[in-house]
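Report on the following structure.
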Amino acid sequence: MFLPVILAGGSGTRLWPLSRKLYPKQFLAFGGELSMLQQSVRRLDGLQCAPPLLVCNEEHRFLAAEQMRLMGHEDVSILLEPEGRNTAPAIALAALHATSSGEDPVLFVMAADHHIHDQQAFQESVTMAAEQAGKDWLVTFGIVPDSPETGYGYIRRGENIQGQVYRAGRFVEKPDSDTAAAYLKAGDYYWNSGMFMFRAGRYLEELEKFEPAILECCRAAMQNARRDMHFVRVDKDAFNSCPGNSIDYAVMEKTQDAALVPMEAGWSDVGSWSSLWDLLPRDAEGNSCKGDVMAMDTSNSLLFSDYRMVATLGVQDLVVVETKDAVLVAHKNRAQDIKSLVDRIKSSGRSEHVTHREVFRPWGSYDGIDAGGRYQVKRITVKPGAKLSLQKHHHRAEHWVVVSGTAMVTNGEESFLVTENQSTYIPLGRQHSLENPGKIPLELIEVQSGAYLGEDDIVRFEDIYGRL
């Protein structure tokens, strides 16, 4: 029995514009109905393990909780990082949480945004690593390389411990193409998967030995943690003072007890659009298409349509991704450079790197349909039984028109039902809330008018989701 720890952080840059800061790739579904996070959970089916423990950013908590609920894990614990501090502190939080009851479980640390093709081979490697971790080794998984990949770090295999388990030797950074080719030819180098297995207590011992400042900050953050529903909120000030470092640099490259288990399971970290193209089914011309796509004389391209039709003619080796508010056109060979493009979008003061036009909230979602001088139009969807906070705005008034379903509206001192084709008006400065008492989604159009229409013009008085 072991405890899976799923690291679900991410900045949402490498698969922009489909992924964003507030909707990174682990919450997206590629080539199926399940998101990458949900596939990570499904990958554990059949293994003798506890329900997973998630570590994610505060901003992603409701996305993570909803996707876990859909997988049947409604009561799963979710550790919230106020800010990302890399993998060593994130895993320290998980280890401290796991040992807080006096137990010392084996942790299986995995990322929420990896692809695994062969689940059986994956589980065989995990089972082998669990046995070794039970003997107080700190195990990492080395992916058997099938190409001279320059986008991954490598681990050199050391002496054999037993069976297919080896000492982890040299950790090396992402190599150039000639060095990567030499590693592939040597046969004793593996891609660094970013997956690990060890007893929680052993990791904390090694972290205290090599990076005591990280452990001190994480202990302080967990000592003052508080539980909010199934979220565990660590102390913000303590955690934000923590040095940032990866588990590789902090522990794995320094410990004398690092073991390596080879894994040959069709692994990818899906780090770029070109790597996604490698994974997805393709037609006879080598195109991977999703959505409303019309491709003519087009080859070896990835074509994604989210909202409108995408048409291509006489092109090859392109990545074309369309969303409601942005379109990316890039050469497949430049897919690794998307982060630089996102950095430029960010530095220009735009917001397309942060969120989609459609924004998800714990109660549902809203889609910004139109905006202009002193007005904004949104389509709002409220899930059955969900309720928006009791709130007011200092700078805007709102008109609500119900398109489908029934709304329970609180408008000042009054509460009343608004049904299809009916509307209500919320004056500036008046307390109000919106609830869906029905069994089908509530759809309404909201027209905002006023001098300032930003999302930060919200004063909450009551909120069932803990956002006060």
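For the sequence shown, full-length UniProt numbering gives the first residue as 1, with consecutive numbering after it.
In this text, a Cβ means the ideal position worked out from N, Cα and C, and glycines have one as well.
8 Å CB neighbourhood of residue i in its chain, flanking five on each side removed
i                 : result
residue 472       : An answer regarding residue 472 cannot be provided, because it is not within the stretch 1 to 468 covered by the chain.
asparagine 224    : Val234, Asp235 and Ala238
methionine 128    : Gly163, Gln164, Val165 and Val261
serine 275        : Gly151, Ser268, Asp269 and Ala335
methionine 36     : Lys25, Gln26, Phe27, Leu28, Ala29, Phe30, Ala112, Asp113, His114, His115 and Val270
glutamate 208     : Leu215
histidine 73      : Val41, Pro51 and Pro52
tyrosine 366      : Glu358, Val359, Lys378, Arg379, Ile380, Thr381 and Glu446
phenylalanine 210 : Ala250, Val251, Lys254 and Thr255
valine 327        : Pro17, Val320 and Val321
isoleucine 440    : Pro384, Ser404 and Gly405
Nearest-angstrom Cβ-Cβ length linking residue i and residue j, presumed shorter than 8 Å
i                 : j             : result
leucine 3         : leucine 53    : 6 Å
glycine 9         : alanine 90    : 7 Å
serine 268        : leucine 279   : 6 Å
valine 319        : serine 305    : With a Cβ gap of about 13 Å, valine 319 and serine 305 do not count as contacting.
aspartate 457     : histidine 395 : 5 Å
alanine 112       : glycine 194   : The Cβ separation is near 11 Å, so there is no contact.
leucine 28        : serine 19     : 6 Å
aspartate 257     : aspartate 136 : 7 Å
phenylalanine 198 : valine 106    : 7 Å
cysteine 49       : methionine 1  : 6 Å
valine 403        : glutamine 422 : About 10 Å separates the two Cβ atoms, so there is no contact after all.
glycine 12        : aspartate 118 : Incorrect: roughly 28 Å between the Cβ atoms, too far for contact.
valine 5          : alanine 94    : 4 Å
proline 212       : leucine 184   : Actually they do not touch by this definition, with Cβ atoms about 38 Å apart.
Among the options, the one whose alpha carbon lies nearest that of residue i
i              : options                           : result
aspartate 384  : Met408, His395 and Gly368         : Looking at the sequence shown, residue 384 is not aspartate but proline. Measuring from the Cα of proline 384, the nearest candidate turns out to be Met408.
serine 40      : Val109, Arg20 and Ser11           : Val109
aspartate 463  : Ala386, Leu302, Arg344 and Ala451 : Ala386
aspartate 45   : Arg61, Gln123 and Leu93           : Gln123
valine 172     : Tyr203, Leu215, Gly244 and Asp248 : Asp248
arginine 361   : Thr419, Gly466, Gly72 and Arg334  : Gly466
glycine 373    : Met296, Ser365 and Leu453         : Leu453
histidine 60   : Asp367, Ala371 and Phe231         : Phe231
proline 24     : Ser100, His97 and Lys339          : Lys339
tryptophan 363 : Ile369, Phe30 and Leu388          : Leu388
cysteine 217   : Met197, Gln26 and Pro243          : Pro243
leucine 313    : Leu328, Asp297, Ser301 and Asn421 : Asp297
glutamate 206  : Ala92, Ala295, Gly349 and Ser288  : Ala92
threonine 406  : Ile426, Glu414 and Val382         : Val382
glycine 429    : Pro175, Val418 and Gly450         : Gly450
arginine 43    : Tyr203, Ser125, Phe210 and Gly134 : Ser125
leucine 442    : Glu455, Glu420, Pro427 and Val459 : Glu420
aspartate 283  : Gly291, Ser301 and His114         : Ser301
proline 281    : Gly31, Glu435 and Lys439          : Gly31
alanine 130    : Leu47, Pro212 and Arg170          : Leu47
lysine 21      : Pro175, Val5, Trp277 and Leu63    : Leu63
alanine 330    : Ala311, Met309 and Leu303         : Leu303
cysteine 288   : Tyr307, Lys332 and Arg308         : The amino acid at residue 288 is misidentified as cysteine; the sequence shows serine. When only C-alpha atoms are compared, the closest one is Lys332.
glutamate 455  : Ser351, Pro427 and Glu414         : Ser351
alanine 397    : Glu414, Val418 and Pro427         : Pro427
aspartate 228  : Glu58, Ala98, Trp277 and Glu33    : Glu58
7 Å CB neighbourhood of residue i in its chain, flanking five on each side removed
i                 : result
serine 246        : Asn86, Thr87 and Ala88
isoleucine 161    : Arg167 and Ala259
asparagine 240    : Pro82 and Glu83
glutamate 264     : Ala121 and Val144
valine 342        : Thr13, Trp16 and His353
lysine 174        : Thr150, Gly151, Tyr152 and Gly153
glycine 438       : Pro384, Gly405 and Thr406
isoleucine 369    : Val377, Lys378 and Arg379
phenylalanine 416 : Val409
Cut-off 6 Å between Cβ atoms - residues of its own chain near residue i, not counting five sequence neighbours on either side
i             : result
serine 299    : Glu285, Gly286 and Gln316
leucine 68    : Going by the sequence as given, residue 68 is methionine instead of leucine. Closer than 6 Å at the Cβ level, and outside the excluded window around methionine 68, lie Val76.
glutamine 132 : Val139, Val165 and Ala259
methionine 71 : Gln38 and Val41
tyrosine 425  : His399
glutamate 159 : Arg167
tyrosine 203  : Ala95
glutamate 435 : Lys387 and Met408
Any chain B beta carbon closer than 8 Å to residue i
i                 : result
phenylalanine 196 : Annotation note: the requested chain B is absent from the structure, which comprises a single protein chain.
- Task: Decide yes or no for the touch test of the region 243 to 259 against the region 135 to 153: beta carbon pairs closer than 8 Å, at least 3 of them.
- Result: yes
- Task: May I have a chain-ordered list of the beta strand (DSSP E) segments no shorter than 3 residues that lie completely inside the region 240 to 300?
- Result: 258 to 263, 288 to 290 and 293 to 296
- Message: Check whether the region 371 to 386 and the region 444 to 460 touch, using three or more Cβ-Cβ pairs below 8 Å as the test.
- Response: yes
- Query: If you pair each beta-carbon of the region 141 to 157 with each one of the region 173 to 183, do three or more pairs fall below 8 Å?
  - Reply: yes
- Message: Does the contact criterion of 3 or more C-beta pairs under 8 Å hold for the region 306 to 326 versus the region 346 to 361?
- Response: yes
- Query: Does the region 214 to 232 come close enough to the region 184 to 193 to have 3 or more Cβ pairs within less than 8 Å?
  - Reply: no
- Message: Quick check on the DSSP output: what are the complete beta strand (DSSP E) runs of length 3 or more inside the region 141 to 168, in order along the chain?
- Response: 154 to 162
- Query: Unbroken alpha helix (DSSP H) runs of length 4 or more, entirely within the region 13 to 51: which are they?
  - Reply: 36 to 42
- Mind pulling the beta strand (DSSP E) runs of 3 or more residues that sit fully within the region 299 to 363? 302 to 305, 310 to 313, 318 to 322, 327 to 331 and 358 to 361
- Query: Which whole runs of the beta strand (DSSP E) in the region 82 to 137 are 3 residues long or more, in chain order?
  - Reply: 106 to 111
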